[in-house]
Ligand SMILES: Nc1ncnc2c1ncn2[C@@H]1O[C@H](COP(=O)(O)OP(=O)(O)O)[C@@H](O)[C@H]1O
Ligand SMILES: [Mg+2]
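Following this line, the structure appears as structure tokens:
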């Protein structure tokens with residue numbers, strides 16, 4: 087460090103020390119992120135390196151020796167890569183159809199694509215079993231096929247594409263919308279054929295977005311737990327499920343941890359690659375009027391093709407959700423399809439504690455995560471707190487790390503004094519808070535980068551300290567973004583399963599975990615009923631917040647909610 | 049209140065070269081007197097904003113000290129300093145009404161409601177925005193936003209008022225009205241003010257003194273008159289308006305400043321930069337409006353020096369004035385402005401002319 091660097095750093099510390107609250111908040115943030123994000127992940131790595139009393143690579147050797155686990159590693163990577171590619175392709179198709187081709191029913195397709203985002207990630211798997219499984223409506227009832235090979239690659243691939251292509255759609259929709267269509271028109275004007283213009287102008291411009299979407303889907307599919315638990319079956323092992331089985335089934339912590347590290351490494355690599363691509367993009371404030379596409383680039387034939395493709399995919403999604411609803415109302419799926427409210431009675435009776443617990447945990451954890459996320463976004467974007475880069479990096483980590491790894495980390499890290507938390511409500515709450523902080527950070531950062539920093543400087547200049555600047559100036563300006571971030575976090579919390587499945591106990595359980603165990607015990611009706619109620623709760627929450635924002639902030643507030 | 053900058057230097061990490069640094073302000077020394085209106089003037093990127101932000105407390109000097117009155121304020125954060133800034137973007141709080149914006153500083157100081165209301169009303173009256181009190185910022189025009197920003201700053205009666213290019217977002221007409229307004233307000237409140245601009249006309253109109261900066265360095269500090277007619281170097285002469293520079297050799301300095309031009313002709317100058325010594329190579333500066341043109345061979349000798357002759361290569365008629373460019377055998381064409389074109393003489397492209405200037409209008413400055 088050069089002398090001027092040193093004096094600068096000292097100066098920074100001295101000034102931060104003059105604003106004790108800022109210092110306190112940043113130290114507290116740093117400490118809690120270390121304890122509840124970094125420490126659990128580190129515990130997994132440590133555990134994998136310490137199978138006995140001494141450090142060794144034995145757990146890794148054992149994992150690699152097993153042909154079955156080697157296959158799990160291969161399967162996971164292959165499945166994630168394929169889902170990423172096909173899902174991004176479908177997402178691009180959808181986005182291009184809606185944004186550029188302006189096919190009829192665009193709003194409807196947009197709505198259909200959003201459904202999987204706001205519902206539990208394993209609903210696809212549940213529906214696929216109901217449609218194509220041993221008692222499946224299509225395979226068994228209609229076609230009379232027994233033991234249709236839906237478990238394994240086929241079913242899982244279908245479920246994951248349906249679950250994750252909407253993520254690609256949302257990403258690419260944003261990319262295409264921000265692309266100036268005048269460029270395409272200009273290229274057409276210069277005499278390029280439509281297909282040439284698409285290949286030489288549209289596609290290259292969208293390429294960073296496509297790459298980012300592929301990586302994002304890869305990370306999400308790799309981390310997915312619900313779909314493979316239901317659909318992978320024993321012949322098609324998947325890493326996240328194997329880690330879970332090692333720990334919950336065999337009580338082999340070191341091996342479970344070693345498998346987790348194999349899951350963690352590719353996730354982190356893909357995640358940081360994705361960040362780099364996104365990071366290169368320049369942030370610009372929203373100015374001027376949005377450019378609307380003339381849609382000249384799409385020929386009538388292509389538009390028809392896109393329309394039919396979207397229609398087919400939408401139909402598939404509609405069938406999936408409809409079958410869940412049917413399943414919740416059918417007496418015994420596959421045998422007796424007479425309507426009944428029995429399954430709902432079960433959920434509202436014996437099973438209602440899980441509904442209450444889930445609501446309470448998501449309801450408590452998400453606002454805390456949201457506020458915490460906003461504070462971190464403020465610290466990182468707007469202040470000169472030393473260590474803010476570290477805060478940003480650590481808090482984003484829980485986005486990159488698969489839920490399974492985090493869940494295992496939590497049971498490893500918090501099962502002994504002074505933080506013996508396993509089996510408590512606290513461990514679930516902490517896990518949810520720290521898992522959904524990044525949602526708050528993302529939306530906070532995005533909006534802060536659009537707000538002229540001199541507005542906050544003006545407040546400081548007039549005598550406001552960090553607390554009052556944040557509460558009187560920053561917060562009111564970012565409230566709409568805050569709530570849309572909050573809804574998203576709430577949806578994620580309501581539908582989370584991969585980390586939570588390690589942390590539930592007989593006293594505190596979650597709807598998602600109940601659904602998984604009902605599926606496992608073949609009770610599809612109850613699982614479907616739980617799922618319907620879950621989707622209804624989420625939809626109500628979204629509608630409610632949207633209404634509140636609209637009432638409070640007018641059309642602008644409503645628009646802040648992207649779904 | 050006085051503001052003093054002692055050897056103030058500001059370095060930033062170089063955005064192009066990782067690990068490298070770039071110096072935005074180089075060892076600046078400046079004393080701003082109580083009640084004075086001082087302007088930092090220079091091209092974009094010369095370090096004006098950085099200097100201002102160091103006085104406000106948004107940037108910490110890498111080395112050196114900033115004093116406000118007899119207090120060293122380097123470690124004081126902006127909210128503890130009695131300085132208030134008017135931002136280039138106005139930085140009006142978008143979620144507050146005009147009144148709430150203006151009253152924000154007093155509210156933070158915990159003043160009673162009634163007092164805030166009176167103070168706010170008084171300042172809004174002075175600024176001519178009384179009827180805008182209940183408006184939201186997005187319902188204001190650029191000029192109104194500017195007035196709100198100014199009202200919000202002065203209602204706090206800060207010891208030092210800081211302006212960062214406050215008029216750059218306004219159209220030309222409004223800019224001229226507002227700069228007069230700003231000067232009027234500053235004088236009626238007597239607040240020490242530091243004003244940043246890259247517009248020399250603006251600087252000339254509002255300032256008691258101007259600080260001309262380039263590449264982080266202070267090139268000259270002086271009254272508008274000194275900066276314009278006694279520039280200390282070629283950069284300042286060039287930056288403040290148009291200029292003709294003739295290479296000369298210094299013969300004597302001080303009261304009786306004289307020089308010899310490249311033809312060996314001797315000329316007196318009204319002033320010479322104190323850095324010059326007899327024998328130095330120097331530049332003789334004459335502003336275009338001091339260059340008098342006449343038909344070749346008919347110079348009025350009274351008080352003027354016949355300096356040479358040339359040919360008109362360009363003339364631009366601007367209504368109130370005509371701007372000429374002459375080819376007189378120098379590296380660059382000479383520039384002349386002739387006022388009152390209706391009564392005066394007209395020259396066309398290609399006309400041969402003589403030019404002269406009064407000795408008082410000439411100034412000698414160092415070659416560097
Ligand atoms: N926060 C910063 N980080 C890095 N460089 C900066 C920063 N602020 C200003 N600079 C650089 O310092 C120089 C002076 O900037 P500034 O004071 O804004 O100039 P001016 O206001 O005179 O146009 C410029 O080269 C600018 O790029
Ligand atoms: Mg500037």
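Protein chains in written order, with our numbering: chain G, 87 to 649; chain U, 49 to 416.
Here a beta-carbon is modelled for each residue, glycine too, at the ideal position from N, C-alpha and C.
Pop quiz: residue i and residue j are said to be a contact at Cβ under 8 Å. What is the actual Cβ separation, rounded to whole angstroms?
| i | j | result |
| --- | --- | --- |
| residue 341 of chain U | residue 361 of chain U | Residue 341 of chain U to residue 361 of chain U, Cβ: 13 Å. No contact. |
| residue 303 of chain G | residue 169 of chain G | 6 Å |
| residue 566 of chain G | residue 340 of chain G | At roughly 47 Å, the Cβ-Cβ gap does not stay under 8 Å, so residue 566 of chain G and residue 340 of chain G are not in contact. |
| residue 369 of chain U | residue 389 of chain U | 7 Å |
| residue 624 of chain G | residue 590 of chain G | Not really, about 19 Å apart at Cβ, beyond 8 Å. |
| residue 489 of chain G | residue 585 of chain G | 4 Å |
| residue 464 of chain G | residue 556 of chain G | 6 Å |
For residue i, which option in the options has the closest C-alpha, if you only look at C-alpha atoms?
| i | options | result |
| --- | --- | --- |
| residue 239 of chain G | G:319, G:514, G:110 | G:319 |
| residue 412 of chain U | U:201, U:319, U:184, U:366 | U:319 |
| residue 77 of chain U | U:56, U:312, U:208 | U:56 |
| residue 203 of chain G | G:579, G:442, G:596 | G:579 |
| residue 131 of chain U | G:613, G:544, G:111, G:160 | G:544 |
| residue 416 of chain U | U:310, U:271, U:267 | U:267 |
| residue 183 of chain U | U:214, U:61, U:158, U:143 | U:143 |
| residue 426 of chain G | G:611, G:110, G:119 | G:611 |
| residue 493 of chain G | G:513, G:150, G:480, G:474 | G:513 |
| residue 271 of chain U | U:279, U:258, U:262, U:265 | U:258 |
| residue 239 of chain U | U:80, U:71, U:407 | U:80 |
| residue 208 of chain U | U:174, U:330, U:138, U:134 | U:134 |
Tell me the DSSP secondary structure of residue i in three-state form.
| i | result |
| --- | --- |
| residue 380 of chain U | coil |
| residue 415 of chain U | coil |
| residue 355 of chain U | strand |
| residue 57 of chain U | strand |
| residue 518 of chain G | helix |
| residue 313 of chain U | coil |
| residue 52 of chain U | strand |
| residue 361 of chain U | strand |
| residue 329 of chain U | strand |
| residue 89 of chain U | strand |
| residue 296 of chain G | helix |
| residue 649 of chain G | Here the model assigns residue 649 of chain G a pLDDT of 36, short of 50, so the residue's position is not dependable, and the following value carries that caveat. Three-state DSSP puts residue 649 of chain G in coil, outside helix and strand. |
| residue 177 of chain U | coil |
| residue 635 of chain G | helix |
Beta-carbon of residue i versus every beta-carbon of chain U: anything under 7 Å?
| i | result |
| --- | --- |
| residue 551 of chain G | yes |
| residue 638 of chain G | no |
| residue 106 of chain G | no |
| residue 544 of chain G | yes |
| residue 236 of chain G | no |
| residue 564 of chain G | no |
| residue 139 of chain G | no |
| residue 540 of chain G | yes |
| residue 548 of chain G | yes |
Does any residue of chain G have a CB that is nearer than 7 Å to the CB of residue i?
| i | result |
| --- | --- |
| residue 264 of chain U | no |
| residue 133 of chain U | yes |
| residue 95 of chain U | no |
| residue 206 of chain U | no |
| residue 143 of chain U | yes |
| residue 292 of chain U | no |
| residue 287 of chain U | no |
| residue 127 of chain U | yes |
| residue 199 of chain U | no |
| residue 66 of chain U | no |
| residue 156 of chain U | yes |
| residue 307 of chain U | no |
Exercise for the section: Please determine if the segment 199-214 of chain G and the segment 225-235 of chain G are in contact, where contact requires at least 3 C-beta pairs separated by less than 8 Å. Expected result: no
Practice task
Report yes or no: do three or more beta-carbon pairs, one from the segment 242-262 of chain U and one from the segment 58-68 of chain U, lie closer than 8 Å?
Solution key: no
Practice task
Mind the definition here: the segment 627-640 of chain G touches the segment 92-105 of chain U only if three or more C-beta pairs lie below 8 Å; say whether that holds.
Solution key: no
Exercise for the section: Could you tell me whether the segment 535-552 of chain G touches the segment 143-163 of chain U, using the rule of 3 or more Cβ pairs below 8 Å? Expected result: yes
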